[in-house]
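Novice: The following block contains the structure, expressed as structure tokens.
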Amino acid sequence: MRVMIVEDDHLLGSAMQSHVGHQGHAADWMKRLDEAREAMATTEYDLILLDLGLPDGRGLDLLRSIRQKRNLTPVIITTAQDQVQARIDGLNLGADDYMVKPFDLDELSARISAVARRYSINESSKIQIDTVSIDLDQRRVEREERSITLTSREWAVLECLGRNQGTLVSKPVLEEKLYAFGAEIESNAVEVFVSRLRKKLGRELIQTQRGLGYVLVKP
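Take a look at the structure:
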């Protein structure tokens with residue numbers, strides 16, 4: 001997934017970006033609301049982690065403007081404001097979840113997976129294709145009941161295809177899930193990771209529609 005982190009605390013923001021990145025997501029870290037707005041004008045995000053107290057305004061104002069534009073991007077509020085009214089305001093404005101600082105980064109991963117599942121085309125996070133089983137939430141892959149180890153970027157490609165199983169996913173969309181802002185995008189990166197997945201899971205699982213993109217087949 002492509003995740004935007006809006007957080008002005010440098011220590012926490014850095015930790016969140018590193019953790020989310022290690023989970024196989026492309027994570028862009030914005031420290032101000034104006035940076036977040038500029039990023040959203042050019043990039044489509046799968047999820048936003050939004051702090052409420054920022055140097056140039058309130059996170060709730062960004063959330064309000066997002067929903068007023070009928071933008072349904074999932075938003076998880078991450079804030080030190082533990083007042084009940086703050087939670088109510090955030091949820092009423094369309095937040096999908098609410099986490100109070102300090103929080104455990106592993107719990108953050110679980111919340112991200114839970115919210116992503118609600119927006120997934122597939123009703124279940126578990127995929128079975130012949131002898132290959134994929135658990136998108138637990139980040140587990142098995143082939144013939146043997147665990148398969150994937151790199152973070154291999155997983156990013158597989159998760160994107162898995163959450164859109166049976167649907168064409170274009171190369172530019174997959175590239176957005178792989179790279180955060182500032183990262184150098186290699187021209188054949190998607191082809192490389194798809195090739196690695198085919199070697200590990202079987203060539204028949206991922207179909208290529210030349211010039212269009214890739215599809216994770218349905219049984």
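Counting in our numbering, the sequence shown runs from 1 upward without gaps.
Every residue gets a Cβ at the ideal spot worked out from N, C-alpha and C, and that includes glycine.
On a CA-only basis, which of Val157, Gln17, Lys218 is nearest glutamate 191? Give me that one, please.
Specialist: Here residue 191 refers to the residue found at position 191 of the sequence shown. Answer by Cα proximity: Val157.
Novice: Return the Cβ separation of valine 194 and glutamine 207 in integer angstroms, given the expectation that the two are a contact with Cβ distance under 8 Å.
Specialist: On the sequence shown, position 194 is the one that residue 194 refers to. On the sequence shown, position 207 is the one that residue 207 refers to. Their Cβ separation, rounded to whole angstroms, is 10 Å, which puts valine 194 and glutamine 207 out of contact at 8 Å.
Novice: Taking the alpha carbon of phenylalanine 103 as the point to measure from, which residue in His22, Asp51, Thr43 has its own alpha carbon closest?
Specialist: Residue 103 sits at position 103 when you count from the first residue of the sequence shown. Per the Cα distances, Asp51.
Novice: Leaving out the 5 sequence neighbours to the left and right, which residues in its chain are closer than 6 Å to valine 3 when beta-carbon positions are compared?
Specialist: Locating residue 3 in the sequence shown gives position 3, where the first residue counts as 1. Contacts found: Val20, His25, Ala27, Leu47.
Novice: Could you pull out every residue in the same chain whose Cβ sits closer than 6 Å to the Cβ of isoleucine 77, ignoring the five residues on either side in sequence?
Specialist: If you number the sequence shown from 1, residue 77 lands on position 77. Correct list, in chain order: Leu50, Gly90, Ala95, Tyr98.
Novice: Step through the CB atoms of chain C and report whether any lies within less than 8 Å of the CB of leucine 105.
Specialist: Of the protein chains in this structure there is only one, and it is not chain C.
Novice: Sorted by chain position, which residues of the same chain lie with C-beta nearer than 8 Å to arginine 117's C-beta, five sequence neighbours on each side aside?
Specialist: Mapped onto the sequence shown, residue 117 falls at position 117. These residues qualify, in order along the chain: Ser125, Leu136, Asp137.
Novice: Should glutamine 23 be labelled buried (16 or more other beta-carbon atoms within 10 Å of its own) or exposed?
Specialist: Sequence index remark: in the sequence shown, residue 23 carries index 23 (1-based). By the neighbour-count rule (16 or more Cβ atoms within 10 Å), glutamine 23 is buried.
Novice: When the Cα atoms are used, what is the spatial distance from glycine 211 to serine 109?
Specialist: As a first step, residue 211 is located in the sequence shown; it is residue number 211 there, counting from the start. As a first step, residue 109 is located in the sequence shown; it is residue number 109 there, counting from the start. Going from the Cα of glycine 211 to the Cα of serine 109 covers about 34 Å.
Novice: Looking at the strands, I want to know which residues DSSP matches up with leucine 49.
Specialist: Along the sequence shown, read from residue 1 onward, the residue named residue 49 stands at position 49. In DSSP, leucine 49 forms a bridge with Ile5, Ile76.
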